[in-house]
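Engineer:
Residue numbers (this note's numbering), protein chains in the order written: chain A, 1460 to 2030; chain B, 217 to 685; chain C, 1328 to 1519.
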């Protein structure tokens, strides 16, 4: 049933994965011998990974699949047993029924007490039996949790982590319910200013060292460490060094409790009120997958979403904090004609009329690589119908070693693939400017960019017979425009972006547009109908599938296939 | 009549014995090193050949030498775990971080006879293909560090250390590294972390066994000062001859540090297992007995981390009878032979060889409170049960000693300690938990009585409960 | 067991309904004479009729919810928003202080609501907000008669809620925490 060309060699099957048979909670399971570690390299499978494959989540604080193993919280202790070996013959001892006798791991000095192993760091062995639900395991978890809670401050009502706190969740699932601690708790500094974006509360810290390991091993900035000894262990920035790299806010995501909190999100909103929408960051071409946290019509925060093909579980601070402008008071809200508020129908009719009657080649369109691929596709349709030259605006910055791309536009590849821009974005802009100067171009439609900053100054704009600007925030171009069509931020519409590596990723709508603003794709459909460029599907799925059918690079990709992780296209 | 058998400390306390090289050489120093370097290879009965180094290592194994630092693990067996095929350099570290409360034996060697340690280390380095070794000495012994450095200089000048040691073709260098005052630096992986310049957070095992992934992630041997000195005598006497000292499976001699309520506290070197606890405490050759009019209450037999033994306790020990069969014999506390296995069977351990004697003037609650403060202070803080539990127990005991006790506190302390042992990264968890478990178990009535008295006083409005640490 | 009901046919007089009317008038007349003489049913069992005699509210009565201050005049509410979440009709609306927020007016508990509104028209007086509050900051008190002329004036803001709530002497957990921190000798803490 292959669609491959005849006589093409059959693809070789991947080598079979070597497995071990172990028992988890009394049920046999075959588990791969090695599994990827935090760096993706194959390492012997740990008990925690094996339990996860068996469907049992072992609770943990210090373990994180993307960080090196520390093994210090001791929350993942589980009871286990291994096949009993006859020391003389080196063969396993058998029970009467022929099954292998299992020796449960016990304390060597107190053989009636089970000894647990930390599941995150202990590799499995053939015939091992793991008991993650036994009374002994439950007691071990209870006692570790009790130890953590005795010095933990009663800050839940004021702590930002409430509702997404691992300690709260474990207490409900594995805790004792009542405290028997009658001594004084250990007190440490609270609300410590750890850097420009982070607040540290040392009392809440459970010393899992996730933040230390992340900052040292992932970011490469050895800025955090522990000072003092014993129960007075305190997380601290290295004396004299600032904790201000571009990834500090990831430690807030990592921190299982409310010790590290974001200054930006401090006391802003309780997390259980936040609606979580799957989005894509728009600050650079990496296209980190994000979760938009919003309540009613306000976006409160961005958080990274896991996508191993793009950003792992991280995102940079500059992208994360780049949402506040969505709620700016000076957002464009009204459709205007000649500066006065008007309706969408009137504006679209007027614009369509003028564009339809304009001679071919007298209209130019400047689009933006911050628009969605669907919008750019429709813009290209418009350009083709009008014979208009098009381009997008380049935006460059400095790349870093981790996530940040040098290209600061989220959809440069989308602009290229839809034919809006060419080998180099912005290469056509001087030609458009010349066209306006010498009078061949008399109408200009601008989407989402301030062209006065990119070679088409206010004097040139003044020469135009028709200037239509669709944008989100006011700028010099919208001020000069005959018609202003208010558009939407990415968080206010649905669409896709194609990132630097050619991954097309879709994002969904989190909040309603402001005022009369509409998603650009919506009014572009009306404009296209108005200039006689044809009908196009109105749903996001229909439009994407139609577009994918027409662009060769998108062959085989459908909206339904995109899922939460995206799909690759040829760039 | 039991008496000392001075092997390590044979010359150290003799009048006129000084720590310099000349004095050491006059007393037969470095002869063992020469003997070791001249050891020939050997053919084994199965046809395999043993290199000279393997012969010496085998000899150490056969001698039955067990670690003198606290764990009592066979030194020869520990040496055999080293990964010699990985291609990485092998390191030897001497653990001179003597911090177990009650122990003061290593300091005698370091201050009075440092060359014996140096010779033991050089022999061990040669036998294990080690080119670079360290002596990690606790920060509180600055004079010891000075003496060691001087000894190393002398050894280098005489050709016992450095390039091509005594013409053997083997290079050995030893450096002294001073600690800065932490008990946890005596834990082997904590020591290695400190040696690497980091905080002494012990490593998780698996996978960081020192024999495979030790110092700088290379195979490392960590041995106690006294153990390395014994290597000199194992080589000098030969493994089989050395094994005749002491008792089967508990060979050789060890230095015992005796302190507490005895008339003659001090250090004594005895053959392992040939002297009983009672003899060590009461015999005029050793402790000289308790003070006049006092009776024995408790003994901590192996440094404060070992479980306490109560006066009058009887133990069932497994002994090989005259007919060769294993039988159970009932032994009184004072008749316990001072060796590794007997004390282990008695439910405690001989640890670092430090015996602390307590007579009937000692209050067990106050004693335990004092001990638990040490463990609360010395916990490194890496793993949850010990970090929180050690200070919790100390605070609870402080409450008990300042009028805030409750009659249920005996069970309270026992529960906390039970939740620490066996759940930590290193043995400090056991070290912190065992004193509490054993004191509460064996002297429960004292804890309960104190708790009840405090409750009664509070009910009458007399005592104010103390809750601060 | 079937029960047979004996239905007697009405007599002529009964069919005119006059006897029934007269019985009714007799009852009215009896009550009329009684109140003219000065007694009334309410006085027979209590102090009299409401609203002349205000109703004595029993303990545990769920009246209007108000915010309270502690014995030192500090606002107890720390803006945890649990009451907002649990309120079944969504009568409570809290504006958290946010990062540039209102600094707390009391030591050690650094969070305080920027605004706290309860829409008394939505409130069903269920008491879940009081039950869920971890700070003993909101209590259903004794007001049962709430009226207003507009919907807007029935939305009580934080100032009004605090004014109506009064004082509730409680545990003062944050104050004790600060004292305990200051007393800790072995680890210096910058207590603010």
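Backbone N, C-alpha and C fix where the C-beta goes; we use that ideal spot for every residue, glycine too.
(1) Enumerated in chain order, which unbroken segments of the beta strand (DSSP E) with a length of 3 residues or greater are wholly contained in the stretch 1654-1689 of chain A?
(2) Would a C-beta distance cut-off of 8 Å place residue 357 of chain B and residue 301 of chain B closer than the cut-off?
(3) In three-state terms, what does DSSP make of residue 1411 of chain C?
(4) Could you tell me whether any Cβ in chain A is nearer than 8 Å to the Cβ of residue 611 of chain B?
(5) Sorted by chain position, which residues of the same chain lie with C-beta nearer than 7 Å to residue 517 of chain B's C-beta, five sequence neighbours on each side aside?
(6) Could you check what DSSP says for residue 320 of chain B in three-state terms: helix, strand or coil?
(7) Taking 8 Å as the CB-CB cut-off, is residue 1492 of chain C touching chain A?
(8) Mind listing the chain A neighbours of residue 599 of chain B? Cutoff is C-beta to C-beta under 7 Å, in chain order.
(9) What residue range is occupied by the uninterrupted beta strand (DSSP E) comprising residue 1945 of chain A?
(10) Could you check the C-alpha separation between residue 1729 of chain A and residue 1753 of chain A for me, to the nearest Å?
(11) Are the C-beta atoms of residue 1714 of chain A and some chain C residue less than 8 Å apart?
(12) Can you tell me which of the three DSSP states residue 685 of chain B falls into?
(13) Are residue 1492 of chain A and residue 1772 of chain A touching if we call contact CB-CB under 8 Å?
(14) Keeping to the same chain, check which residues put their C-beta closer than 8 Å to that of residue 1346 of chain C; ignore five residues upstream and five downstream.
(15) What three-state label does DSSP hand residue 609 of chain B in the structure shown?
(16) Tell me the start and end of each unbroken beta strand (DSSP E) in the stretch 1354-1395 of chain C that is at least 3 residues and wholly inside, in chain order.
(17) Just reading off the alpha helix (DSSP H) that residue 2003 of chain A is part of, what are its end residues?
(18) Using a cut-off of 9 Å between C-beta atoms, extract the partners of residue 1628 of chain A located in chain B.
(19) For residue 554 of chain B and residue 489 of chain B, which I take to be in contact (beta-carbon distance under 8 Å), what is that distance rounded to the nearest angstrom?
(20) Using a Cβ cut-off of 8 Å, which residues of the stretch 1570-1586 of chain A contact any Cβ in chain B, in chain order?
(21) Could you check if residue 1377 of chain C is buried or exposed, using at least 16 other CB atoms within 10 Å of its CB as the buried criterion?
(22) Starting from residue 1763 of chain A and walking both ways along the beta strand (DSSP E), at which residues does that stretch end?
(23) Any idea which residues DSSP pairs residue 440 of chain B with across the strands?
(24) Buried or exposed: residue 1486 of chain A, going by 16 or more other Cβ atoms within 10 Å of its Cβ?
(25) Could you tell me which of A:1529, A:2011 and A:1658 sits nearest to residue 1722 of chain A, measuring between CA atoms?
(26) Can you pull the chain B residues whose beta carbon is under 9 Å from the beta carbon of residue 1685 of chain A, in chain order?
(27) For residue 1583 of chain A, does the three-state DSSP call read helix, strand or coil?
(28) Bridge partners of residue 254 of chain B, per DSSP?
(29) Give every residue of the same chain whose Cβ lies closer than 8 Å to the Cβ of residue 1952 of chain A, excluding the five residues on either side of it in the sequence, and list them in chain order.
(30) Does residue 1766 of chain A get closer than 8 Å to chain B when you measure Cβ to Cβ?
(31) Here's a check: name, in chain order, each residue in its chain whose Cβ is nearer than 6 Å to the Cβ of residue 275 of chain B, leaving out the five neighbours to either side.
(32) Relative to the ligand ATP, is the shortest distance from any of its heavy atoms to the C-beta of residue 1357 of chain C smaller than 7 Å?
(33) Run through DSSP, which three-state label would residue 1982 of chain A get?
(34) Give me the chain A residues within the contact set of residue 1507 of chain C, using Cβ-Cβ distance strictly less than 8 Å, ordered along the chain.
(35) Roughly how many angstroms lie between the CA atoms of residue 1865 of chain A and residue 1778 of chain A, to the nearest whole one?
(36) With a threshold of 8 Å between beta carbons, is residue 1423 of chain C in contact with chain A?
Structural biologist: Well, looking at it:
(1) 1657-1659 and 1683-1686
(2) no
(3) DSSP places residue 1411 of chain C within a helical segment (H, G or I) once states are collapsed to three.
(4) yes
(5) 493, 525, 559, 564, 566 and 571
(6) In the three-state reduction of the DSSP assignment, residue 320 of chain B falls in the coil class.
(7) By this cut-off, residue 1492 of chain C is not an interface position.
(8) Per Cβ cutoff of 7 Å: 1531 and 1533.
(9) 1942-1945
(10) Those two C-alpha atoms are separated by around 11 Å.
(11) no
(12) Unreliable placement is indicated for residue 685 of chain B, whose pLDDT of 34 sits below 50; the coordinate value is still reported in the next sentence. If DSSP states are grouped into helix, strand and coil, residue 685 of chain B belongs with coil.
(13) no
(14) Taking residue 1346 of chain C as the centre and dropping the five residues before and after it, the same chain places the C-beta of 1340 closer than 8 Å to its C-beta, in chain order.
(15) Helix.
(16) 1392-1394
(17) In this chain, the alpha helix (DSSP H) harbouring residue 2003 of chain A covers 1999-2009.
(18) Those do not exist, as residue 1628 of chain A stays about 17 Å from chain B at its closest Cβ, beyond 9 Å.
(19) Going by Cβ atoms, the distance from residue 554 of chain B to residue 489 of chain B rounds to 7 Å, so yes, they are a contact pair.
(20) 1572, 1574, 1575, 1577, 1580, 1581 and 1582
(21) exposed
(22) 1757-1763
(23) DSSP output for residue 440 of chain B lists B:311 as bridge partner(s).
(24) exposed
(25) A:1658
(26) Within 9 Å of the CB of residue 1685 of chain A, the CB atoms of chain B belong to 415, 417, 597 and 598, in sequence order along the chain.
(27) In this structure, residue 1583 of chain A counts as coil in the three-state DSSP scheme.
(28) The partner list for residue 254 of chain B (beta bridge, DSSP) is empty, contrary to what the question assumes.
(29) Excluding five sequence positions before and after residue 1952 of chain A, the CB atoms of its chain that fall closer than 8 Å to its own CB belong to 1831, 1968, 1972, 1978, 1979 and 1980, given in chain order.
(30) no
(31) 455
(32) The model on display carries no ligand, and the ligand ATP is accordingly not part of it.
(33) helix
(34) 1643, 1644 and 1646
(35) One Cα belongs to residue 1865 of chain A, the other to residue 1778 of chain A, and the distance between them is close to 13 Å.
(36) Chain A contact via Cβ: present.
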